[in-house]
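Scroll down for the structure; my scribbles are underneath it.
Protein chains: 2
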Amino acid sequence: MAGIIKPLNSIYDQFRRLPGVGNKSALRLAYHIIDMPEEDVRRLAETLLQAKKDVRFCQECFNLTDHDVCEICADAKRDHSTICVVEQPRDAMAMERSHGYAGVYHVLRGCLSPLDGIGPEDIRVKELLLRLEKTQVQEIILATNSNVEGEATAAYLAQLLRPYPVIVSRIARGLPMGGDLEYADEITLAKALENRTRIAE
Amino acid sequence: MAGIIKPLNSIYDQFRRLPGVGNKSALRLAYHIIDMPEEDVRRLAETLLQAKKDVRFCQECFNLTDHDVCEICADAKRDHSTICVVEQPRDAMAMERSHGYAGVYHVLRGCLSPLDGIGPEDIRVKELLLRLEKTQVQEIILATNSNVEGEATAAYLAQLLRPYPVIVSRIARGLPMGGDLEYADEITLAKALENRTRIAE
Numbered sequence: 001m002a003g004i005i006k007p008l009n010s011i012y013d014q015f016r017r018l019p020g021v022g023n024k025s026a027l028r029l030a031y032h033i034i035d036m037p038e039e040d041v042r043r044l045a046e047t048l049l050q051a052k053k054d055v056r057f058c059q060e061c062f063n064l065t066d067h068d069v070c071e072i073c074a075d076a077k078r079d080h081s082t083i084c085v086v087e088q089p090r091d092a093m094a095m096e097r098s099h100g101y102a103g104v105y106h107v108l109r110g111c112l113s114p115l116d117g118i119g120p121e122d123i124r125v126k127e128l129l130l131r132l133e134k135t136q137v138q139e140i141i142l143a144t145n146s147n148v149e150g151e152a153t154a155a156y157l158a159q160l161l162r163p164y165p166v167i168v169s170r171i172a173r174g175l176p177m178g179g180d181l182e183y184a185d186e187i188t189l190a191k192a193l194e195n196r197t198r199i200a201e
Numbered sequence: 202m203a204g205i206i207k208p209l210n211s212i213y214d215q216f217r218r219l220p221g222v223g224n225k226s227a228l229r230l231a232y233h234i235i236d237m238p239e240e241d242v243r244r245l246a247e248t249l250l251q252a253k254k255d256v257r258f259c260q261e262c263f264n265l266t267d268h269d270v271c272e273i274c275a276d277a278k279r280d281h282s283t284i285c286v287v288e289q290p291r292d293a294m295a296m297e298r299s300h301g302y303a304g305v306y307h308v309l310r311g312c313l314s315p316l317d318g319i320g321p322e323d324i325r326v327k328e329l330l331l332r333l334e335k336t337q338v339q340e341i342i343l344a345t346n347s348n349v350e351g352e353a354t355a356a357y358l359a360q361l362l363r364p365y366p367v368i369v370s371r372i373a374r375g376l377p378m379g380g381d382l383e384y385a386d387e388i389t390l391a392k393a394l395e396n397r398t399r400i401a402e
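For the record, the sequence lines run as chains A and B. Take the first sequence: its position 102, counted from the start at 1, is 102 in my numbering, and no numbers get skipped. Take the second sequence: its position 150, counted from the start at 1, is 351 in my numbering, and no numbers get skipped.
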């Protein structure tokens with residue numbers, strides 16, 4: 001950035017690369033870092049490095065963990081016969097926040113995206129099939145995102161899992177809770193209509 | 202934050218302290234840091250620390266610099282007889298971006314704020330008076346912010362500078378360029394009216 005001194009500019013450059021940080025925020029953060037006591041900057045810097053080193057992938061489900069196996073897979077109270085397949089660790093976390101799920105996860109760490117050259121061998125598909133052979137699984141819930149890549153990944157997995165003696169389901173797509181019909185897009189509305197459920201009498 | 206692993210939570214905690222970073226952004230950044238290659242995280246961490254170490258205050262104007270004297274003060278082409286007084290280094294930078302100022306700055310590094318216990322001895326007021334004695338200054342432009350503290354600081358400085366043989370001026374306050382009367386607050390409108398200028402015939 002023109003007109004600012006080099007050290008500020010170097011922080012600015014680093015922050016600009018982070019997601020959701022625009023030019024103005026990056027500059028504001030750079031000024032803030034300079035204003036912070038040196039110990040606090042050191043603590044921030046060391047936290048980033050240490051956390052990066054401490055995080056591993058769960059050997060079972062490939063979620064993020066700081067142990068060999070994540071807390072959810074290690075929890076005997078969870079239902080290990082139901083696997084919810086998500087794209088990313090943050091998706092598993094979002095599901096956990098809903099407090100509506102008691103099973104375990106399988107984190108693909110990506111989704112099929114032919115345009116980006118990402119095929120089934122680049123995400124944790126093989127590992128999902130291995131889990132099916134190793135443990136008694138009753139249901140697999142496909143909870144990939146509801147965009148083009150996520151839907152394609154779900155369709156691919158549904159096809160792949162057909163020979164296995166397991167129930168395969170897909171999370172519902174429809175009008176978000178609290179959502180207005182007026183502001184919903186056409187595809188969401190069509191899906192909400194298609195997947196309508198009968199109200200018990 | 203509940204339900205996330207410790208290393209992620211530690212990054213989250215650090216980012217949450219930064220200005221303009223909310224819960225969701227901090228979490229997103231934490232996931233991003235974990236996804237980054239370790240060298241990139243190291244570079245980010247080291248940049249913050251190194252920049253913090255490299256930045257000093259200009260001995261003349263107290264702006265941020267990586268030398269003893271900032272580029273503006275060291276520039277013989279700038280008008281050293283005009284001093285623009287601002288609260289913070291970012292304010293001097295904002296003025297520079299306007300490309301409308303050829304003089305030098307004096308950065309107070311704060312403003313008077315009795316409620317926070319910040320008095321004249323806590324900001325660089327004494328140093329401004331010293332500059333007036335040391336160098337030939339014709340005009341001092343008070344460019345503190347247009348909020349309660351900034352206006353009070355400007356009023357205080359105007360009073361203090363009265364005995365000195367120097368023109369003291371205050372930046373104009375009025376309707377922002379491109380601003381609609383309809384959306385301007387009453388105080389801005391009153392100020393814009395009060396400070397109206399005659400159009401040359």
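Ideal Cβ placement from N, Cα and C applies to all residues, glycine included.
> What does B/H233 touch in chain A if you count any residue whose Cβ is under 7 Å from its own?
Replying inline: Walking along the second sequence from the start, residue 233 of chain B turns up at place 32. Here the neighbours are L18, P19.
> So B/T248 and A/Q14 are in contact, right, with Cβ under 8 Å, and what is the actual spacing, rounded?
Replying inline: Sequence index remark: in the second sequence, residue 248 of chain B carries index 47 (1-based). Sequence index remark: in the first sequence, residue 14 of chain A carries index 14 (1-based). Confirmed, about 5 Å.
> Going along chain B, which residues have a C-beta under 9 Å from A/P176?
Replying inline: Counting from 1 along the first sequence, the entry for residue 176 of chain A is found at position 176. Within 9 Å Cβ-Cβ: nothing; A/P176 doesn't reach chain B, min ~17 Å.
> On the three-state DSSP scale, how would you describe B/Y365?
Replying inline: Working through the second sequence from its first residue, we reach residue 365 of chain B at position 164. In this structure, B/Y365 counts as coil in the three-state DSSP scheme.
> Just how far apart, CA to CA, sit B/A356 and B/V242?
Replying inline: Within the second sequence, numbered from 1, the residue matching residue 356 of chain B stands at position 155. Within the second sequence, numbered from 1, the residue matching residue 242 of chain B stands at position 41. Taking the straight line from one Cα to the other gives about 47 Å.
> Under the three-state reduction of DSSP, which class applies to B/D280: helix, strand or coil?
Replying inline: Taking the first residue of the second sequence as position 1, residue 280 of chain B is located at position 79. If DSSP states are grouped into helix, strand and coil, B/D280 belongs with the strands.
>> Quick check on B/C262: does DSSP put it in helix, strand or coil?
In response: The residue given as residue 262 of chain B occupies position 61 in the second sequence. In the structure shown, B/C262 sits in coil (DSSP, three-state: anything other than H, G, I, E or B).
> So what does DSSP say about B/V270, is it helix, strand or coil?
Replying inline: As a working mapping, residue 270 of chain B is identified with position 69 in the second sequence. Coil, per DSSP.
> Does the beta carbon of B/E239 come closer than 8 Å to any beta carbon on chain A?
Replying inline: Position 38 of the second sequence, counted from the first residue, corresponds to residue 239 of chain B. With 8 Å as the cut-off, B/E239 counts as an interface residue toward chain A.
> A/E151: which of A/F57, A/A74, A/E133, A/L112 sits nearest, CA to CA?
Replying inline: Taking the first sequence and counting its residues from 1, the one referred to as residue 151 of chain A is at position 151. When only C-alpha atoms are compared, the closest one is A/L112.
> Between B/L309 and B/E288, which are expected to be in contact by the criterion C-beta below 8 Å, what is the C-beta distance as a whole number of angstroms?
Replying inline: The residue given as residue 309 of chain B occupies position 108 in the second sequence. The residue given as residue 288 of chain B occupies position 87 in the second sequence. Sure, about 5 Å apart at Cβ, within 8 Å.
> Can you give the beta carbon distance from B/I205 to A/M93, rounded, assuming they're within the 8 Å contact cut?
Replying inline: Position 4 of the second sequence, counting from 1, holds the residue named residue 205 of chain B. Position 93 of the first sequence, counting from 1, holds the residue named residue 93 of chain A. Contact flag correct, Cβ pair sits at about 6 Å.
> Is A/Y183 helix, strand or coil when you go by DSSP?
Replying inline: Your numbering for residue 183 of chain A matches position 183 in the first sequence. Helix.
> In chain A, which residues lie with their C-beta within 7 Å of the C-beta of B/I205?
Replying inline: By 1-based counting over the second sequence, the position of residue 205 of chain B is 4. By Cβ distance, chain A contributes M93.
> For a contact meaning CB atoms closer than 8 Å, what does B/D267 contact in chain A?
Replying inline: Residue 267 of chain B sits at position 66 when you count from the first residue of the second sequence. Within chain A, the residues near B/D267 are I5, K6, P7.
> For the segment 239-263 of chain B, which residues have a beta carbon sitting closer than 9 Å to at least one beta carbon of chain A?
Replying inline: E239, D241, V242, R243, R244, L245, A246, E247, T248, L249, L250, Q251, A252, K253, K254, D255, V256
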